[in-house]
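To start, the structure under review is shown below, and the notes come after it.
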Amino acid sequence: MPFFLFVSAFVVLLFYGILLYNGLVRLKHEVSKSWANIDVLLKQRHDEIPKLVDVCRHYGQFEQDTLTQVMEARAAMSEAARAGNVGRIGELEGQLRGLLGQIFAVAEAYPELKADVQFSHLAQRISQLEDGIADRRELYNEAVNNNNVRIEQFPDVFVANLFGFRTARALRFAEAEKRDVDVKALFER
(Lines of atoms letter the chains of each structure in order from A and count residues from 1; the text may use other names and numbers.)
(Lines give C-alpha, C1' and ligand atoms only; values in the text may rest on other atoms or scores of the structure.)
Protein backbone atom coordinates (compact mmCIF):
# COMPACT_ATOMS: atom_id res chain seq x y z
CA MET A 1 0.00 0.00 0.00
CA PRO A 2 2.75 2.57 0.83
CA PHE A 3 4.38 1.80 -2.53
CA PHE A 4 1.11 2.58 -4.30
CA LEU A 5 0.83 5.91 -2.43
CA PHE A 6 4.42 6.77 -3.29
CA VAL A 7 3.88 6.00 -6.99
CA SER A 8 0.58 7.91 -7.00
CA ALA A 9 2.21 10.94 -5.38
CA PHE A 10 5.08 10.77 -7.86
CA VAL A 11 2.69 10.59 -10.83
CA VAL A 12 0.64 13.53 -9.51
CA LEU A 13 3.81 15.60 -8.99
CA LEU A 14 5.08 14.64 -12.44
CA PHE A 15 1.85 15.73 -14.11
CA TYR A 16 1.85 18.93 -12.06
CA GLY A 17 5.43 19.62 -13.18
CA ILE A 18 4.40 19.02 -16.79
CA LEU A 19 1.53 21.47 -16.41
CA LEU A 20 3.88 24.10 -14.97
CA TYR A 21 6.39 23.53 -17.77
CA ASN A 22 3.74 23.78 -20.49
CA GLY A 23 2.38 26.97 -18.94
CA LEU A 24 5.85 28.54 -19.02
CA VAL A 25 6.35 27.44 -22.63
CA ARG A 26 3.01 28.99 -23.59
CA LEU A 27 3.97 32.29 -21.96
CA LYS A 28 7.38 32.29 -23.65
CA HIS A 29 5.71 31.85 -27.02
CA GLU A 30 3.17 34.55 -26.21
CA VAL A 31 6.05 36.98 -25.62
CA SER A 32 7.65 35.94 -28.93
CA LYS A 33 4.38 36.30 -30.82
CA SER A 34 3.71 39.71 -29.28
CA TRP A 35 7.19 40.88 -30.24
CA ALA A 36 6.70 39.63 -33.81
CA ASN A 37 3.53 41.72 -34.04
CA ILE A 38 5.46 44.84 -33.01
CA ASP A 39 8.32 43.98 -35.34
CA VAL A 40 6.00 43.86 -38.35
CA LEU A 41 4.77 47.39 -37.67
CA LEU A 42 8.26 48.69 -36.97
CA LYS A 43 9.43 47.34 -40.33
CA GLN A 44 6.47 48.88 -42.12
CA ARG A 45 7.15 52.24 -40.51
CA HIS A 46 10.85 52.00 -41.25
CA ASP A 47 9.98 51.43 -44.90
CA GLU A 48 7.92 54.65 -44.90
CA ILE A 49 10.56 56.86 -43.25
CA PRO A 50 12.94 57.12 -46.27
CA LYS A 51 9.97 58.07 -48.44
CA LEU A 52 9.06 60.84 -46.01
CA VAL A 53 12.65 62.08 -45.91
CA ASP A 54 12.82 62.10 -49.73
CA VAL A 55 9.64 64.17 -49.96
CA CYS A 56 11.00 66.64 -47.39
CA ARG A 57 14.34 66.91 -49.22
CA HIS A 58 12.53 68.16 -52.31
CA TYR A 59 11.85 71.30 -50.31
CA GLY A 60 15.50 72.42 -50.35
CA GLN A 61 15.74 74.51 -47.22
CA PHE A 62 13.87 71.98 -45.05
CA GLU A 63 15.74 71.04 -41.87
CA GLN A 64 18.52 68.85 -43.31
CA ASP A 65 20.01 68.15 -39.87
CA THR A 66 16.73 66.69 -38.65
CA LEU A 67 16.39 64.55 -41.78
CA THR A 68 19.93 63.24 -41.33
CA GLN A 69 19.24 62.44 -37.67
CA VAL A 70 16.07 60.58 -38.66
CA MET A 71 17.96 58.41 -41.14
CA GLU A 72 20.75 57.74 -38.62
CA ALA A 73 18.22 56.77 -35.93
CA ARG A 74 16.44 54.53 -38.44
CA ALA A 75 19.72 52.76 -39.31
CA ALA A 76 20.62 52.29 -35.64
CA MET A 77 17.10 51.02 -34.96
CA SER A 78 17.40 48.43 -37.72
CA GLU A 79 20.71 47.24 -36.28
CA ALA A 80 19.25 46.96 -32.77
CA ALA A 81 16.27 45.03 -34.15
CA ARG A 82 18.59 42.58 -35.93
CA ALA A 83 20.48 42.08 -32.66
CA GLY A 84 17.23 41.63 -30.72
CA ASN A 85 18.24 44.25 -28.14
CA VAL A 86 14.85 45.31 -26.75
CA GLY A 87 16.33 47.93 -24.42
CA ARG A 88 18.23 49.63 -27.23
CA ILE A 89 15.19 49.40 -29.50
CA GLY A 90 13.10 51.21 -26.89
CA GLU A 91 15.72 53.94 -26.52
CA LEU A 92 16.09 54.46 -30.27
CA GLU A 93 12.36 54.20 -30.86
CA GLY A 94 11.76 57.07 -28.46
CA GLN A 95 14.45 59.12 -30.19
CA LEU A 96 13.00 58.35 -33.63
CA ARG A 97 9.49 59.28 -32.53
CA GLY A 98 10.78 62.59 -31.21
CA LEU A 99 12.55 63.32 -34.49
CA LEU A 100 9.46 62.46 -36.53
CA GLY A 101 7.48 64.80 -34.30
CA GLN A 102 10.00 67.52 -35.10
CA ILE A 103 9.60 66.90 -38.83
CA PHE A 104 5.84 67.19 -38.60
CA ALA A 105 6.07 70.31 -36.44
CA VAL A 106 8.60 72.01 -38.74
CA ALA A 107 6.49 71.07 -41.78
CA GLU A 108 3.92 73.56 -40.51
CA ALA A 109 6.33 76.33 -41.60
CA TYR A 110 6.43 74.99 -45.15
CA PRO A 111 2.94 75.39 -46.66
CA GLU A 112 3.99 73.75 -49.94
CA LEU A 113 5.26 70.69 -48.10
CA LYS A 114 2.24 70.56 -45.85
CA ALA A 115 -0.02 70.67 -48.92
CA ASP A 116 1.97 67.96 -50.73
CA VAL A 117 -0.31 64.95 -51.20
CA GLN A 118 2.50 62.44 -50.81
CA PHE A 119 3.71 64.11 -47.60
CA SER A 120 0.17 64.10 -46.19
CA HIS A 121 -0.31 60.45 -47.12
CA LEU A 122 3.03 59.43 -45.56
CA ALA A 123 2.36 61.46 -42.41
CA GLN A 124 -1.03 59.81 -42.02
CA ARG A 125 0.40 56.34 -42.69
CA ILE A 126 3.21 56.84 -40.17
CA SER A 127 0.71 58.13 -37.62
CA GLN A 128 -1.44 55.02 -38.09
CA LEU A 129 1.61 52.80 -37.70
CA GLU A 130 2.60 54.70 -34.53
CA ASP A 131 -0.85 54.03 -33.07
CA GLY A 132 -0.55 50.35 -33.96
CA ILE A 133 2.91 50.14 -32.40
CA ALA A 134 1.60 51.73 -29.20
CA ASP A 135 -1.28 49.23 -29.03
CA ARG A 136 0.93 46.24 -29.68
CA ARG A 137 3.57 47.49 -27.27
CA GLU A 138 0.92 47.41 -24.56
CA LEU A 139 0.08 43.79 -25.43
CA TYR A 140 3.77 42.86 -25.58
CA ASN A 141 4.50 44.41 -22.19
CA GLU A 142 1.50 42.59 -20.73
CA ALA A 143 2.80 39.28 -22.11
CA VAL A 144 6.26 40.06 -20.71
CA ASN A 145 4.77 40.86 -17.31
CA ASN A 146 2.73 37.63 -17.25
CA ASN A 147 5.81 35.65 -18.26
CA ASN A 148 8.08 37.28 -15.69
CA VAL A 149 5.59 36.93 -12.84
CA ARG A 150 5.13 33.22 -13.55
CA ILE A 151 8.87 32.62 -13.75
CA GLU A 152 9.40 34.27 -10.38
CA GLN A 153 6.42 32.68 -8.58
CA PHE A 154 6.51 29.61 -6.40
CA PRO A 155 6.49 26.77 -7.52
CA ASP A 156 7.08 27.82 -11.15
CA VAL A 157 10.47 29.22 -10.20
CA PHE A 158 11.81 25.67 -9.72
CA VAL A 159 10.66 24.51 -13.15
CA ALA A 160 11.86 27.76 -14.75
CA ASN A 161 15.33 27.40 -13.24
CA LEU A 162 15.51 23.70 -14.06
CA PHE A 163 14.71 24.25 -17.74
CA GLY A 164 16.41 27.62 -18.22
CA PHE A 165 13.41 29.90 -18.67
CA ARG A 166 14.48 33.55 -18.47
CA THR A 167 12.59 36.73 -17.79
CA ALA A 168 11.88 38.92 -20.80
CA ARG A 169 12.48 42.63 -21.07
CA ALA A 170 9.59 45.05 -21.44
CA LEU A 171 9.68 47.55 -24.28
CA ARG A 172 10.04 51.00 -22.77
CA PHE A 173 10.58 54.03 -24.96
CA ALA A 174 13.15 56.66 -24.10
CA GLU A 175 12.29 59.93 -22.45
CA ALA A 176 12.32 61.72 -25.83
CA GLU A 177 8.92 60.21 -26.60
CA LYS A 178 7.42 61.35 -23.33
CA ARG A 179 8.41 64.99 -23.72
CA ASP A 180 6.36 67.35 -25.84
CA VAL A 181 8.04 68.82 -28.88
CA ASP A 182 8.95 72.46 -28.28
CA VAL A 183 7.43 73.85 -31.48
CA LYS A 184 8.44 77.43 -30.68
CA ALA A 185 12.10 76.45 -30.41
CA LEU A 186 11.91 74.65 -33.75
CA PHE A 187 10.75 77.79 -35.53
CA GLU A 188 13.44 79.96 -33.94
CA ARG A 189 16.25 78.12 -35.73
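Start counting the sequence shown at 446; every next residue gets the next number (the working numbering).
Where is the CB? At the ideal position from N, CA and C, for every residue including glycine.
Cβ-based burial, residue i [other Cβ within 10 Å; buried from 16]
i	result
residue 452	exposed
residue 551	buried
residue 446	exposed
residue 543	buried
residue 487	buried
residue 529	exposed
residue 560	exposed
residue 652	Residue 652 is absent from the model: the chain starts at 446 and stops at 634.
residue 531	buried
residue 634	With a pLDDT of only 42 at residue 634, under the threshold of 50, the placement of this residue in the model should not be trusted, and no figure is reported.
residue 564	buried
residue 450	exposed
residue 459	exposed
Proximity below 8 Å, CB of residue i to CB of residue j
i	j	result
residue 586	residue 616	yes
residue 469	residue 610	yes
residue 608	residue 461	no
residue 692	residue 548	Nothing about residue 692 can be read from this structure; the chain reaches only from 446 to 634.
residue 545	residue 501	no
residue 483	residue 578	yes
residue 533	residue 520	no
residue 637	residue 489	One cannot answer for residue 637 here, as it falls past the ends of the chain, which runs 446 to 634.
Sequence-distant residues of its chain with Cβ nearer than 8 Å to residue i (five each side left out)
i	result
residue 516	494, 495 and 498
residue 523	491
residue 604	462, 465, 466, 469 and 610
residue 571	490, 493, 494, 497 and 545
residue 614	531, 532 and 589
residue 602	596
Same chain only: Cβ atoms within 6 Å of residue i, ignoring 5 sequence neighbours per side
i	result
residue 584	479
residue 504	555 and 558
residue 508	551
residue 612	593 and 596
Own chain residues within Cβ distance below 7 Å of residue i, not counting five before or after
i	result
residue 627	Bear in mind that a pLDDT of 49 at residue 627, under 50, signals an unreliable position, so the number given afterwards is only what the model happens to contain. The answer is none, since no qualifying residue turns up.
residue 582	483 and 616
residue 535	616, 617, 618 and 619
Cutoff 8 Å: residue i Cβ touching any chain D Cβ
i	result
residue 545	In the structure shown, chain D cannot be found, because there is only a single protein chain.
Next on the checklist: Is it the case that the stretch 587-595 contacts the stretch 461-477, given that we only count it when at least three CB pairs across the two stretches are under 8 Å?
Outcome noted: Proximity of the stretch 461-477 to the stretch 587-595 meets the contact definition, three or more beta-carbon pairs being nearer than 8 Å.
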